[in-house]
Amino acid sequence: MVRRGSRAIAYIALGSNLNQPYQRLCQALNYIRWHVGEIRGLSDVVVSSPWDGSRQPPYFNLVAEVETLLTPMALLAMLQDIEKEMGRPVARPRWSARPIDLDILLYGEEVILLSALRVPHPGLYWRPFVLVPLLQVAPDLKDPVTGVPLKYFPGNNRDVLRTVVRASSLWTELRRSGQPERLGSSFSSPLFGES
Ligand code: AMP
Numbered sequence: 006m007v008r009r010g011s012r013a014i015a016y017i018a019l020g021s022n023l024n025q026p027y028q029r030l031c032q033a034l035n036y037i038r039w040h041v042g043e044i045r046g047l048s049d050v051v052v053s054s055p056w057d058g059s060r061q062p063p064y065f066n067l068v069a070e071v072e073t074l075l076t077p078m079a080l081l082a083m084l085q086d087i088e089k090e091m092g093r094p095v096a097r098p099r100w101s102a103r104p105i106d107l108d109i110l111l112y113g114e115e116v117i118l119l120s121a122l123r124v125p126h127p128g129l130y131w132r133p134f135v136l137v138p139l140l141q142v143a144p145d146l147k148d149p150v151t152g153v154p155l156k157y158f159p160g161n162n163r164d165v166l167r168t169v170v171r172a173s174s175l176w177t178e179l180r181r182s183g184q185p186e187r188l189g190s191s192f193s194s195p196l197f198g199e200s
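Read in order, the letters of the sequence shown are residues 6 to 200 in the working numbering.
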């Protein structure tokens, strides 16, 4: 049974650069809606080249604001279940191409420094494909560590990004989608009982 916490606002980064990335992002949002909590905000979808300069297909990214009852560790476990369900190999080279990547950027104002979970996500401050969509959803967010508004960090640079799908289209797509496939059999949904 997945442990419940009190209600919290979490910001989740979604990324994909394989197997029809836009469809994968929509699919992951639908899983999040059913298994993590209510989606309260969505950014546009932005496209950028792999930040490490490798010869991978371009990355599609967006950020979702989600109200969740899951604790941070339960949220991480759930996102990893969704990644697995969507075909992300368990063993893979770090920063390899992927059908879906789900990261916790912020969880309320919590600061978490565990080996399995770091919040705020360390890449948040300098990766434009994360910080720009995050600020689109919540422009006044502050870094929970220092209190400095996130808009002042170097990742707030949209020059390297291209907007390909507006958030309004994502909302339409999400409203159209029904209940997703069950997650793996070892899994039980904290929101909707046993899956
Ligand atoms: P990646 O391949 O970049 O998705 O990294 C996955 C690993 O990062 C997993 O082993 C997670 O336990 C770890 N991790 C640490 N902090 C976070 C976070 N804020 N969100 C998601 N994964 C995290």
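Glycine residues also receive a C-beta, built at the ideal position from the N, C-alpha and C atoms. Small disclaimer: the values here were computed from a predicted structure and weren't measured.
Could you tell me the distance, in whole angstroms, from the CA atom of residue i to the CA atom of residue j?
i: asparagine 35; j: arginine 187; result: 12 Å
i: tyrosine 130; j: glutamate 90; result: 29 Å
i: tryptophan 176; j: serine 59; result: 32 Å
i: valine 137; j: glycine 152; result: 18 Å
i: glutamate 178; j: arginine 29; result: 12 Å
i: arginine 93; j: arginine 123; result: 21 Å
i: tryptophan 56; j: arginine 163; result: 14 Å
i: leucine 74; j: arginine 38; result: 12 Å
Cβ-heavy atom distance between residue i and the ligand AMP below 6 Å?
i: aspartate 57; result: no
i: histidine 40; result: no
i: aspartate 106; result: yes
Can you find the residues in the same chain that come closer than 6 Å, C-beta to C-beta, to residue i, ignoring five residues on each side of it along the sequence?
i: glycine 46; result: Glu70, Val142
i: leucine 224; result: Given a span of 6 to 200 for the chain in the structure shown, any question on residue 224 remains unanswerable.
i: glycine 20; result: Tyr64, Asn66, Asp106
At a cut-off of 6 Å, would you count residue i as near the ligand GTP, judging by its Cβ distance to the nearest heavy atom?
i: arginine 123; result: As for the ligand GTP, it is missing from this structure, which binds only the ligand AMP.
Once you ignore the five residues that flank residue i on each side, which residues in its own chain have a CB closer than 8 Å to its CB?
i: aspartate 148; result: Pro125, Tyr130, Pro154, Leu155, Phe158
Can you tell me which of the options puts its alpha carbon nearest to the alpha carbon of residue i?
i: glutamine 61; options: Pro104, Leu139, Ile117, Leu80; result: Pro104
i: phenylalanine 283; options: Val165, Ile14, Tyr27, Val170; result: Residue 283 is absent from the model: the chain starts at 6 and stops at 200.
i: alanine 79; options: Val51, Val52, Ser48, Tyr112; result: Tyr112
Looking at the C-beta of residue i, does it have a partner C-beta in chain B at a distance below 7 Å?
i: glutamate 115; result: Considering every chain present, this structure includes no chain B. It has just one protein chain.
Which same chain residues end up closer than 7 Å to residue i when comparing Cβ atoms and leaving out the 5 residues on each side of it in sequence?
i: alanine 33; result: Leu19, Ile87, Met91, Ile105, Leu107
Which runs of the beta strand (DSSP E), 3 residues or longer, sit entirely within the region 44-85? 50-53, 64-75
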